[in-house]
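For reference, the structure is listed below as structure tokens.
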Amino acid sequence: MSDQKPVLLSGVKPSGEPHIGNYFGALRQQVELFESGGYRCFIMVADYHALNTVQNAGEMRTCIYDLVMTYLAIGLDPKKVVLFKQSDVPAHTELAWIFDSITTMPYLMRAHAFKDAEAKNKEISVGTFNYPMLMAADILLYDATIVPVGADQKQHIEIARDTAEKFNHIFKDDVFRLPEPYIASDVAVVPGTDGQKMSKSYNNVIPLFASREEIAKRVMNIVTDSSGGRPEHVYAIHKLVRSEEELVPIYEKHQGQYKVLKEMLIEDLDRYLAPMRVRYAGLRSELGIVEDILAKGAEEARAVSERKMERVKRVIGVTF
Ligand code: ADP
Ligand code: TRP
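With the working numbering applied, the sequence shown closes on residue 683, and no number is skipped along the way.
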């Protein structure tokens, strides 16, 4: 692993069973960019971010294991990627505090996630409000230049950029590099079985490691309108696993035959997902490797982030 390569950093919250929206919207890009060999990759289990919603020790542990195994099953090589969890690297929360101190409340009140929660009249934890500051710390500690994420995370990357600029400006030193989001435009948002964004909160997902029977059940539930044309939600999922060139004539030939099209989708999804499902099942019998991988990742991530924190602390004047 060369230090000269540009840094890629990304992460996902360990907050439940991964679904194909997570995979096509975010995880796949992370693995593809890793496989390109062009980046020094840091992949983070964002457990402190998950703490806003996962507040049960057993559930948190299970979700962390599942997420690490998901990354392994979809093709990340822990020997070549620094795979770590946020809570093992104290610099993240430490830097987040520093960012809190230079950021105003009105600025953070413009964040979509906060506005959505407010519009729904939800009780908002301070952690949810500050979420973008911790995420900015995650990214900026490693001088990440590229941050592959799903479309809904774009604003968080913009906030990280603004925060880097603001810090550099206030303390008159180019401590932080400005990151760029990387969003696969063709799969910006994967629809769920009800046509809304696929999300574990909407109970409309197709799990990434679903058995064939499970896939069949969920696909058969995809809502279709009765216009007799192309079933858009079925098509939108289908084009994730098969080229549009092949699909357009098939959907034209079978216009209005929803059952036939859904059966084809089941077949194609199953073929696409099966190898990952098999790898995932194999890993379940080797849970011990997860701890070893995370311990090694934490050590590497701490080494890099501590170097950055030394500089930050000198620049703000708390270290002489
Ligand atoms: P969920 O909405 O199920 O809670 P998360 O918020 O944990 O999912 O998202 C994890 C990652 O997967 C994020 O980078 C997010 O952008 C991406 N993602 C989640 N749902 C979708 C979707 N339906 N389409 C595209 N990307 C998605
Ligand atoms: N907020 C991201 C999500 O919900 C997860 C995340 C936390 C992340 N820290 C990050 C993503 C840093 C990229 C970079 O999916």
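Backbone N, C-alpha and C fix where the C-beta goes; we use that ideal spot for every residue, glycine too. Here the structure is a predicted model, which means the values were calculated and not measured.
query: Counting pairs of Cβ atoms below 8 Å between the segment 427-435 and the segment 394-411, do you hit three or more?; result: yes
query: Using beta-carbon positions only, say whether Val370 and Thr508 come within less than 8 Å of one another.; result: yes
query: What's the gap between the Cα of Asp385 and the Cα of Leu636?; result: With the sequence shown as reference, residue 385 is identified as Asn, and Asp is not the correct amino acid for it. Taking the straight line from one Cα to the other gives about 13 Å.
query: Take Glu380 as the anchor and find which of Val445, Thr425 and Lys368 has the nearest alpha-carbon.; result: Thr425
query: May I ask you to verify whether the segment 479-490 touches the segment 520-528, counting CB pairs closer than 8 Å and requiring at least 3?; result: no
query: Can you give the Cα-Cα distance for Asp536 and Ser378, rounded to whole angstroms?; result: 37 Å
query: Drop a sphere of 10 angstroms on the beta-carbon of Ile652, count the other beta-carbons inside from all chains shown, and report buried for 16 or more, exposed for fewer.; result: exposed
query: Residues near the ligand TRP, CB to any non-hydrogen atom under 6 Å, in chain order?; result: Leu372, Ser373, Gly374, Val375, Lys376, Ala409, His412, Met498, Asp501, Ile502, Val510, Val512, Gln516 and His519
query: Using only the alpha-carbon positions, how far apart do Ala476 and Asn493 sit?; result: 11 Å
query: Using only the alpha-carbon positions, how far apart do Gln449 and Gly660 sit?; result: 10 Å
query: Name the DSSP beta bridge partners of Cys404, please?; result: Leu371
query: Are the beta-carbon atoms of Met496 and Phe462 separated by less than 8 Å?; result: yes
query: Roughly how far, in whole angstroms, is the beta-carbon of Arg403 from the beta-carbon of Lys442, given that I think they are within contact range, below 8 Å?; result: Rounded, the Cβ-Cβ distance is 13 Å, inconsistent with contact.
query: Would you mind sorting Asn567 into buried or exposed? The rule is 16 or more other CB atoms within 10 Å of its CB.; result: buried
query: In angstroms with no decimal places, state the Cα-to-Cα distance between Val394 and Gly438.; result: 6 Å
query: Note the first and the last residue of the continuous beta strand (DSSP E) segment covering Ala507.; result: Ala507 to Pro511
query: I'd like to check one pair, Leu504 with Leu458: are the Cβ atoms closer than 8 Å?; result: yes
query: For Arg634, does the count of other Cβ atoms within 10 angstroms reach 16, so buried, or fall short, so exposed?; result: exposed
query: Looking at His382: is its Cβ nearer than 8 Å to the Cβ of Lys529?; result: no
query: Is Pro612 helix, strand or coil by DSSP?; result: helix
query: Just curious, the beta strand (DSSP E) that Val552 is in, first and last residue?; result: Premise fails: Val552 is in no beta strand (DSSP E) and is neither H nor E.
query: Beta strand (DSSP E) containing Lys535: first to last residue?; result: Unbroken run through Lys535: none, as it is neither H nor E.
query: Cβ atoms of Ser668 and Val510: under 8 Å apart, would you say?; result: no
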